[in-house]
Amino acid sequence: MASRIEHRAEYAQGVAEVFAAETSEEALTARLAEIGGKNSALLSHSADADGARYTLRQGIEAEKLPQIVRKLQPGDLYVDREHTFTRGGDGYTGTAKATVSGMPGEITARTEIRPAGEGTVVETRGEVKVKIPLVGGKLESFVAGELTKLLAREAQFSAEWLARTS
């Protein structure tokens, strides 16, 4: 059974500005520097007005992990996130796949960036599946909760980025 991820953020700026704040190399690099964790990096990046494709690596230090995770995977964890966005109509649709070092399973999500009144909404829905007998469900819940918190922190960073650059 999978654990769900859901997050929604609203911005006063238009779709083009929000898309840039979510996908530009400059914004992603700054976001990783601020909230990416240990040894975070932008591993690949390409973007234009029609879409974007990039891969992020984010690190989680071992001491910040729950005991059950440290038993299964000693040392720091790394999350690699592959994102693809495609322009469609007056917004963008994105998909993301993530892997966690040393953990069998998958994280998938779909994101929409679309106009909402005078501004823009970014909505993400996904799921976490961990394929470890007996403890998989606990790990799924933990990872889903942490990802939801991360999406909220990333949305806050994007709002601050837009305030500085708009």
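Residue numbers in the sequence shown follow the numbering used here, run continuously in steps of one, and reach 171 at the last position.
A virtual CB, placed ideally from N, CA and C, is assigned to each residue, including glycine.
- Separation of the CB atoms of Ala7 and Lys134 is rounded to 5 angstroms, and the pair is thereby assigned contact status at 8 angstroms.
- The criterion of a C-beta distance shorter than 9 angstroms is satisfied by Ser49 and Arg58.
- Following the DSSP letters along the chain, one finds Ser49 inside the beta strand (DSSP E) bounded by residues Ala46 to Asp53.
- The Cβ-Cβ distance between Ala67 and Leu82 falls below 9 angstroms.
- Secondary structure note for Lys154: it is in no beta strand (DSSP E), and the uninterrupted alpha helix (DSSP H) holding it is Gly141 to Thr170.
- Taking all protein chains shown into account, Ile73 has fewer than 16 neighbouring C-beta atoms within 10 Å of its C-beta and is therefore exposed.
- Annotation: the continuous alpha helix (DSSP H) that includes Gln72 extends over Gln72 to Leu77.
- Distance from the CA atom of Gly110 to the CA atom of Ile10, rounded to whole angstroms, is 15 angstroms.
- In this structure, the straight-line span from the alpha carbon of Gly99 to that of Ala32 is close to 17 angstroms.
- In the same chain as Trp166, and ignoring 5 residues on each side of it, the C-beta atoms closer than 6 angstroms to its own belong to Ala26 and Ala32, in chain order.
- Ranked by Cα distance from Ala114, the options Leu47, Ser51 and Ala149 are led by Ala149.
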